[in-house]
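Heads up: the sequence shown runs through residues -21 to -1, 1 to 179, numbered per mature numbering (1 follows the signal peptide of the UniProt record, and there is no 0). Please read the structure below before turning to the comments.
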Amino acid sequence: MSPRTPLILAALSGAAMLLGACGEPPRPLPTSPPYATPSAGPISIGPSDGLGLPTVPTTTYPTGPAYPTTPAYPTGGVTTLPPTTAPVTPTETVSPTPRPSPAPRCPAQPTGPQILALIKGYAGIPDKPMRIYEGPFCSGQWSFATVEVTGEDADDLEPLMVVATGAGATLTLVAAGSDVCVSRVETTAPSGIRVLACGF
């Protein structure tokens, strides 16, 4: 055996070991579909951020026009609007009927004594001395007078009213007492007599 024989054997033995460690040799690529894609190396997506992760490119959007700003309101005093009032519809006012003027004092008849003689003995008239307190007042054929009791009982009794018509021999009593506003006086007597007897 030559001195190189052990070296050749060692080299062949080492090659056999390498072939056995790598497995079977690669197979030839197929010539008909489906085609097998040989494994490729690592795919590079893009630049890295240093941590092994790809960086995503940032997108810059165009800026639009700026909105106009509202001008500030001028400073100053507060403007107060005049108050609004609803139109007032005038109401119809009915003027009251003016109170009639009372009848004037009688120029002639009937006289005071004739009035006292007319009511003497009349129901409701005190049987005491009496005198004319006011009047008589006349309007047309109508007359009005007030009488009162004289003497000790004068302060205890109120004056009485007398309404009559006519004069002299035709003097006629219509009403006498504390209330002489009877129906005939209201409807028939002149306004000057009615306002004295009834108040209207």
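Glycine included, every Cβ here is placed at the ideal spot set by N, Cα and C. None of the values given here were measured: they were computed from a predicted structure.
Buried versus exposed, by CB contacts within 10 Å (16 or more), residue i
i, result
"Ser157", "exposed"
"Ser80", "exposed"
"Ser162", "exposed"
"Thr167", "exposed"
"Arg173", "buried"
"Ala176", "buried"
"Phe123", "buried"
"Gly147", "exposed"
"Gly114", "buried"
"Ala82", "buried"
"Phe179", "exposed"
DSSP beta-bridge partners of residue i
i, result
"Gly156", "Met140"
"Thr167", "In DSSP, Thr167 forms no bridge with anything."
"Thr149", "Answer is none; Thr149 lacks a bridge partner."
"Val126", "Ile111 and Leu139"
"Cys85", "Answer by DSSP bridge pairing: none, since Cys85 is not bridged."
"Phe116", "Arg84 and Phe123"
Residue i, enclosing alpha helix (DSSP H) - first and last residue
i, result
"Ile94", "Gly91 to Ile98"
Residue i versus the options, residue with shortest Cα-Cα distance
i, options, result
"Thr90", "Asp106, Phe116 and Pro108", "Phe116"
"Val126", "Arg84, Gly171, Leu95 and Pro83", "Leu95"
"Glu137", "Ala143, Thr129 and Thr144", "Thr129"
"Ala155", "Gly178, Val141 and Ala124", "Val141"
"Ser118", "Asp106, Pro105, Ala143 and Asp134", "Ala143"
"Asp135", "Lys107, Tyr101, Gln88 and Gly171", "Lys107"
"Ala102", "Val153, Glu131, Ser170 and Ala148", "Val153"
"Leu150", "Cys160, Gln120, Ile104 and Arg78", "Gln120"
"Ala87", "Tyr112, Cys160, Gly145 and Val159", "Gly145"
"Arg110", "Cys85, Arg84, Pro83 and Leu139", "Leu139"
"Cys85", "Phe179, Gly171 and Ile104", "Gly171"
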